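Per this note's numbering, the very first residue in the sequence shown carries number 124; after that it's consecutive.
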Amino acid sequence: AERSGELIRGDDNKLTTGAALAQERETAQRLEAGRGDHAAVLTERQFDRALARFERGRGFELSPEQRGAAQMILCGSDRFQGVQGLAGTGKTTLLAFVREAAEAQGWRVVGHSNGAEQAATMQRESGIATTTTAAHILGERQVAIERAARREGVPDVVRELRIMDEASQSGQRQYLDAIRSTEAAGARTVFLGDKHQHQSVESGRAFERSQQHMPVAHLGEASIRRQRTEHARAAVSTILAGGHAEAIRKLPAVEIRTAQSALPTDATRDDKRAAARADNAAVIQRLAQDYAALSPDQRAKTLVLTSTNADRQALNTAIRAEL
124 AERSGELIRG DDNKLTTGAA LAQERETAQR LEAGRGDHAA VLTERQFDRA
174 LARFERGRGF ELSPEQRGAA QMILCGSDRF QGVQGLAGTG KTTLLAFVRE
224 AAEAQGWRVV GHSNGAEQAA TMQRESGIAT TTTAAHILGE RQVAIERAAR
274 REGVPDVVRE LRIMDEASQS GQRQYLDAIR STEAAGARTV FLGDKHQHQS
324 VESGRAFERS QQHMPVAHLG EASIRRQRTE HARAAVSTIL AGGHAEAIRK
374 LPAVEIRTAQ SALPTDATRD DKRAAARADN AAVIQRLAQD YAALSPDQRA
424 KTLVLTSTNA DRQALNTAIR AEL
């Protein structure tokens, strides 16, 4: 296959196909051609007013990075744009503002995401009507077929803003399909994702590569809002620096090994297992007591996580007994 040219060996000694390389080139070309190829939603002055109104209504301010991303989307005239955002940086809050501001100007805002659960979450949290990316592309193909049958053209600029969430999870082919369908509809698309999180099952790192060919706003560590406590933020910072094990070690920990510490040196395997079970039961009881001691408001903000279904059931039973 390599001799025939079907497979091509890259500089890193990895193999790819000519078709994959052609898709990458086409993606880059279409993204570059989209620079300044559409219309802005707002002027700078309109943006400032819309942002002030949104922040007053929500009772909080967007982070500087969130404001910058929203300004790029709403005041830019590029057909394609990207938002590279770390987990917990308030991407859905950003989208809620973008939707409100765009719809107030008569734009249609729609979204699609990699999976049904992600699509439902995006729709619930941002208010943007969202489907799966696969369903979106299938629907766009059907629309194109019907439009061709009617010999109906489409203006180059249509007031429609599309949000492709979890863009890093789409393979090269699906990503290119989203680009083509955007052009065919005369719309704009914002690719939203994180190149550091889960990547596509299909071949290609399309979202990561495409960031070189379109305007991209970044939501980094400074915009993280999901972690509220100082030790949790410190752990996330360490993880982002690559220190996963160190981050776990930094978290406050209470270990109960009373039964295991009391074992004699000649303890049998059965003795060790029994001691481990006893300590595990003590941990469950301690967790239940600590959780029950919290105020109702604190309990509403607290999650109890465990690695096994048996422990989950035991924890639920113990917590209910304490409450």
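Where a beta carbon is used, it is the ideal one built from N, C-alpha and C, also for glycine. It should be emphasised that the depicted structure is a prediction, and the values quoted were computed from it without experimental measurement.
Residues near residue i by beta carbon distance below 6 angstroms, same chain, minus five either side
i: residue 239; result: 255
i: residue 339; result: 205 and 207
i: residue 228; result: 164
i: residue 154; result: 203, 333, 336 and 337
i: residue 341; result: 207
i: residue 114; result: With the chain covering only 124 through 446, there is no way to say anything about residue 114.
Option in the options with minimal Cα separation from residue i
i: residue 300; options: 395, 264 and 212; result: 264
i: residue 377; options: 388, 366, 394 and 405; result: 405
i: residue 328; options: 141, 142, 140 and 147; result: 147
i: residue 200; options: 220, 215, 156 and 237; result: 156
i: residue 212; options: 436, 373 and 343; result: 343
i: residue 262; options: 307, 145, 198 and 330; result: 307
i: residue 384; options: 169, 402, 374 and 375; result: 402
For residue i, three-class secondary structure by DSSP
i: residue 289; result: coil
i: residue 283; result: strand
i: residue 336; result: coil
i: residue 183; result: coil
i: residue 231; result: strand
i: residue 166; result: coil
i: residue 266; result: helix
i: residue 367; result: helix
i: residue 384; result: helix
i: residue 190; result: helix
With 16 other Cβ atoms within 10 Å as the buried cut-off, status of residue i
i: residue 421; result: exposed
i: residue 297; result: buried
i: residue 288; result: buried
i: residue 214; result: buried
Minimum Cβ-Cβ distance from residue i to chain C less than 9 angstroms
i: residue 238; result: No chain C appears in this structure, which consists of one protein chain only.
Cβ-based neighbour list, residue i, same chain, cut-off 8 angstroms, excluding 5 preceding and 5 following
i: residue 414; result: 422, 425, 427, 442 and 445
Segment contact flag, the segment 239-249 with the segment 184-191, C-beta cutoff 8 angstroms, min 3 pairs: No, they do not touch.
contact_flag[the segment 170-185, the segment 301-317] where n(CB pairs < 8 angstroms) is 3 or more: Segments in contact, no.
Segment contact flag, the segment 429-443 with the segment 409-416, C-beta cutoff 8 angstroms, min 3 pairs: The way I'd put it, the segment 429-443 does touch the segment 409-416; three or more beta-carbon pairs between them come closer than 8 angstroms.
Three-pair Cβ contact test at 8 angstroms for the segment 278-286 versus the segment 216-231: Judged by pairs of C-beta atoms under 8 angstroms, the segment 278-286 touches the segment 216-231, as three or more such pairs exist.
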